[in-house]
Amino acid sequence: MLTFPHYKQQDQMDCGPTCLRIIGKHYGRALSIQRLRALCFVNKRGVNLLAISEAAEKIGFRTQGVKITLNLLKEAELPCILHWRQNHYVVLYKIKGDKFYISDPVQGLIVSDEEAFTKNWFSHRDFQNGVALLISPSPQFYQQEDDKVRLSWFSIFRYFYDYKRLVIQLLIGLGIGTLLSLVTPFLTQAIVDIGVNTRNINFVYLILIAQVMLFIGSTSVNFIRSWILLHISTRVNISILTDFLIKLMKLPISYFESKTTGDIMQRMNDQQRIETFLTGTTLSTLFSLINLFVFTVILVYYDAVIFTVSLISTVVYVGWIALFLNRRRDLNYKQFDNSSSNQNNIVELVSGIQEIKLNNCEQQKRWGWEHIQAKLFKYKVQNLALNQYQQGGTLFINQAKNIIITFLSVKAVVNGEITLGGMMAIQYIVGQVSNPIDQLLGFVQSYQDAKISLERLNDVHELEDEESVDKEWIYNLPEIKTIAIKNLDFRYPGAGNDLVLENINLIIPHGKTTAIVGMSGSGKTTLLKLLLRFYEPEKGDIKVNETHLNQISFKTWRNACGTVMQDGFIFSDTIENNIAVGDEMPDKEKLAMAIKTANLDDYISELPFGLHTKIGSGASGLSQGQKQRLLIARAVYKNPDYLFFDEATNALDANNERVIMDNFNDFFFGRTVVIVAHRLSTVSNADNIIVMDKGKIIEQGTHQQLAALKGEYYGLVKNQLELGV
1 MLTFPHYKQQ
11 DQMDCGPTCL
21 RIIGKHYGRA
31 LSIQRLRALC
41 FVNKRGVNLL
51 AISEAAEKIG
61 FRTQGVKITL
71 NLLKEAELPC
81 ILHWRQNHYV
91 VLYKIKGDKF
101 YISDPVQGLI
111 VSDEEAFTKN
121 WFSHRDFQNG
131 VALLISPSPQ
141 FYQQEDDKVR
151 LSWFSIFRYF
161 YDYKRLVIQL
171 LIGLGIGTLL
181 SLVTPFLTQA
191 IVDIGVNTRN
201 INFVYLILIA
211 QVMLFIGSTS
221 VNFIRSWILL
231 HISTRVNISI
241 LTDFLIKLMK
251 LPISYFESKT
261 TGDIMQRMND
271 QQRIETFLTG
281 TTLSTLFSLI
291 NLFVFTVILV
301 YYDAVIFTVS
311 LISTVVYVGW
321 IALFLNRRRD
331 LNYKQFDNSS
341 SNQNNIVELV
351 SGIQEIKLNN
361 CEQQKRWGWE
371 HIQAKLFKYK
381 VQNLALNQYQ
391 QGGTLFINQA
401 KNIIITFLSV
411 KAVVNGEITL
421 GGMMAIQYIV
431 GQVSNPIDQL
441 LGFVQSYQDA
451 KISLERLNDV
461 HELEDEESVD
471 KEWIYNLPEI
481 KTIAIKNLDF
491 RYPGAGNDLV
501 LENINLIIPH
511 GKTTAIVGMS
521 GSGKTTLLKL
531 LLRFYEPEKG
541 DIKVNETHLN
551 QISFKTWRNA
561 CGTVMQDGFI
571 FSDTIENNIA
581 VGDEMPDKEK
591 LAMAIKTANL
601 DDYISELPFG
611 LHTKIGSGAS
621 GLSQGQKQRL
631 LIARAVYKNP
641 DYLFFDEATN
651 ALDANNERVI
661 MDNFNDFFFG
671 RTVVIVAHRL
681 STVSNADNII
691 VMDKGKIIEQ
701 GTHQQLAALK
711 GEYYGLVKNQ
721 LELGV
């Protein structure tokens, strides 16, 4: 194998699975990144080495996680996976002298000297050892079949089928443009050979008029082609993005829990890159290739020797450009990393200015920014030097070609082999042959980027919908809405994660209020998320009456649930639309009841536009208490059968909390309510209080019963409620 295989990571947290994919390819197997992500349990925090090790063993590798010295690493079997810069994973595939050859999912194939290598690999606390995952294939690895990695260009091209008439018109326009440009060198030759040599000014006038008409025709064709291209690209772009959003909104909530916002936004930008590639780069390259073929044939017709010189110079030109591609790519990656760091640093400086000034660390933070600027300047210098080397070489090659072709064509004119007009035509044709080469090089790069974008889009489209059409769902809830949890275990996806909930057995009675309390990290919110179907239990059942919760349609269940989560989102819209989310024509009576229950009357009456006052993005302009009351009003407006509150009143002052809790006493009647709370004053009137600790239920009963036990609940509330002790 001449070069080591390489894949770019598709998401910010994909370096671990991508390293496994690279090593799998090295040993001859094509592995799907989607499958490797699932095996590694990738989430927003990325993946740990244990998860990578377990995933590797599931696909047939032998692994050993080690912390070793550089000398021992040089004796280890390669390739192996290294923990890099304390927050990244790379593949080390060769060591030669003091050179270390690395396949980095972000930067590509790079070569590092020993000083830079140890700086990136050694722990910042241990300058003698680094962490590595030694990996080798077992017989089981070769017995498995390759994953089917689909690059469905067909699924993209089908969008163009609806506009096939416009596409045909576009291709006709390309053909006409080629024919018009084909006439130009012959007209140039005719002016010189006939008009000038015979001194026939009328013929010159005729040719000039023809050139003007050709210019008008060519310009008109280009304008029409641009309008057609705009119509096609805009419609295809909207169609691709619409289908992507439809698919995205069908995915389970757990998908969004494991992806960063940047990853999802990147996928939305990917369709733009694909659309630009198909409608811009591909069509212009197609046009250039037609020109290249046509003018090459004409050049051979005029002079085979000049064609040979042009061909050789083109090959040398392409080879010279190719010499710089890898170095340019490495510099682009490094500059991108530093530009990203610079942007993050500036945002941090502006956002954190209050803390910076309060802690007198202005100088330290400024020095950090200056350090990034120094690195950016360094890469700008390197980039400029590379550009000058590349530009100098290309100018030399082009100038040498032009001089040689000029000499040969002049010599041919002197010898009577071609006319003076023929020489001028040749100069024009040579230029037309050279231009497409630059576009072809750009096309290759655009294709690589579009291919990666297509992989990312396919990655989403191939995921299973939250509500699969193959399954028979229940769309009607039982009349008795008691929730029963039996022998439930749950752990968050990821290697080495402990059980968050263990052996949970619980009855949440219909029409009653159940409160869940406990120390932070005891599993309260996790249990609520399981009831809301963010995740599926690892073991055990959740039933509504006698119906399994996982058999009920997601939409049916969510329509029946009113929810206030700790991180509830406020949209950039009016207060009315934020309360009546999803309701085009809000019900005025329900709206008034929701506002009254959430005690928002006084606040809304003070606003200049009342309910029609628009709230800024991210709830800007609202206090935490106002935001929380708005979320409560949203849950009440749904008039649901179930209410799930996660710290729904923790940001409220005592007066607002008391008023809202009094309002809840009426609203909760006949509804099944689950309240998670730290502030225990909000749960003292619950029909049943569940006390959790370390993922287990340790006590339950009414406030009076639990207080009398003087157990864990008593310890939690004695500093908050007056128990007469």
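Quick note: the sequence shown, position 550, residue 550 per the UniProt record's numbering, numbers continuous.
From the three backbone atoms N, C-alpha and C, an ideal C-beta is built for every residue, glycine too.
Note that the coordinates shown come from a computational prediction; the quantities given were computed from them, not determined experimentally.
Own chain residues within Cβ distance below 6 Å of residue i, not counting five before or after
{"i": "G670", "result": "G511"}
{"i": "I552", "result": "I474"}
{"i": "H83", "result": "V131"}
{"i": "I485", "result": "I504, L506, I542"}
{"i": "A425", "result": "P185, T188, Q189"}
{"i": "G24", "result": "L31"}
Pairwise C-alpha distance: residue j and residue i
{"i": "D303", "j": "V318", "result": "23 Å"}
{"i": "S313", "j": "E417", "result": "23 Å"}
{"i": "K99", "j": "G521", "result": "47 Å"}
{"i": "D14", "j": "L133", "result": "17 Å"}
{"i": "V305", "j": "K411", "result": "12 Å"}
{"i": "L73", "j": "Q143", "result": "29 Å"}
{"i": "W121", "j": "Q271", "result": "36 Å"}
{"i": "S218", "j": "F141", "result": "60 Å"}
{"i": "G540", "j": "F490", "result": "9 Å"}
{"i": "N387", "j": "F396", "result": "14 Å"}
{"i": "E712", "j": "G701", "result": "12 Å"}
{"i": "Y637", "j": "F244", "result": "30 Å"}
{"i": "L611", "j": "K590", "result": "14 Å"}
{"i": "Q624", "j": "Q266", "result": "31 Å"}
{"i": "K94", "j": "T3", "result": "11 Å"}
{"i": "A276", "j": "G392", "result": "Looking at the sequence shown, residue 276 is not Ala but Thr. If you take the alpha carbons of T276 and G392, they lie about 31 Å apart."}
{"i": "A707", "j": "Y714", "result": "5 Å"}
{"i": "Y255", "j": "I615", "result": "28 Å"}
{"i": "E355", "j": "R366", "result": "14 Å"}
{"i": "G97", "j": "P5", "result": "22 Å"}
{"i": "N71", "j": "V111", "result": "18 Å"}
{"i": "K451", "j": "L457", "result": "10 Å"}
{"i": "F377", "j": "N360", "result": "28 Å"}
Nearest-angstrom beta carbon gap, residue j and residue i [assumed within contact, 8 Å]
{"i": "L39", "j": "K8", "result": "In fact, because the Cβ distance is near 19 Å, the residues do not count as touching under 8 Å."}
{"i": "I579", "j": "A633", "result": "5 Å"}
{"i": "L170", "j": "L229", "result": "6 Å"}
{"i": "I274", "j": "I156", "result": "6 Å"}
{"i": "A190", "j": "G421", "result": "7 Å"}
{"i": "E362", "j": "Q10", "result": "In fact, because the Cβ distance is near 39 Å, the residues do not count as touching under 8 Å."}
{"i": "G65", "j": "L49", "result": "5 Å"}
{"i": "N129", "j": "I68", "result": "6 Å"}
Spatial neighbours of residue i in its chain, beta-carbon cut-off 7 Å, leaving aside the 5 residues before and after
{"i": "R56", "result": "Correcting the residue type first, residue 56 is Ala in the shown sequence and not Arg. For A56, where only same-chain residues beyond five positions count, the Cβ hits under 7 Å are L20, T63, I135."}
{"i": "T613", "result": "T574, I575, L607"}
{"i": "F644", "result": "L528, L531, L532, C561, T563, V674"}
{"i": "M1", "result": "Low confidence applies here, because M1 scores a pLDDT of 41, under 50, leaving its location unreliable and the question unanswered by this model."}
{"i": "L248", "result": "V460"}
Chain-order list of residues whose beta-carbon lies under 8 Å from that of residue i (same chain, five-residue window excluded)
{"i": "N550", "result": "R533, E536, I542"}
{"i": "I346", "result": "W369"}
{"i": "V309", "result": "K401, I404, I405, L408"}
{"i": "D693", "result": "G518, M519, S522, E712"}
{"i": "R629", "result": "A598, N599, L600, Y603, L652, N656, I660"}
{"i": "G724", "result": "Any reading at G724 is ruled out, since the residue's pLDDT is 43, under 50, leaving its predicted position unreliable."}
{"i": "V167", "result": "F160, I232"}
{"i": "L299", "result": "I306, F307, S310, I426, I429, V430, V433"}
{"i": "T394", "result": "Y317, W320, I321"}
For residue i, the residue or residues it bridges with in DSSP
{"i": "P185", "result": "Answer by DSSP bridge pairing: none, since P185 is not bridged."}
{"i": "I33", "result": "DSSP output for I33 lists no bridge partner at all."}
{"i": "Q64", "result": "L134"}
{"i": "C80", "result": "L92, L134"}
{"i": "V111", "result": "Y101"}
{"i": "Y161", "result": "According to DSSP, Y161 bridges with nothing at all."}
{"i": "G46", "result": "N43"}
{"i": "L643", "result": "G562, V673"}
{"i": "Q700", "result": "I690"}
{"i": "I22", "result": "According to DSSP, I22 bridges with nothing at all."}
ask   = What are the uninterrupted segments assigned as alpha helix (DSSP H) that are 4 or more residues long and contained completely in the segment 484-562, given in chain order?
value = 524-531, 554-559
request  = Mind listing, in chain order, the continuous alpha helix (DSSP H) runs of no fewer than 4 residues lying wholly within the segment 650-693?
outcome  = 654-667
inquiry  = I'd like the ranges of any alpha helix (DSSP H) spanning at least 4 consecutive residues and lying wholly in the segment 227-292.
reply    = 253-258, 261-276
ask   = Which runs of the beta strand (DSSP E) spanning at least 3 residues fall entirely within the segment 376-425, listed in chain order?
value = none
Whole alpha helix (DSSP H) elements within the segment 573-627, 4-residue minimum = 575-579, 588-597, 601-605
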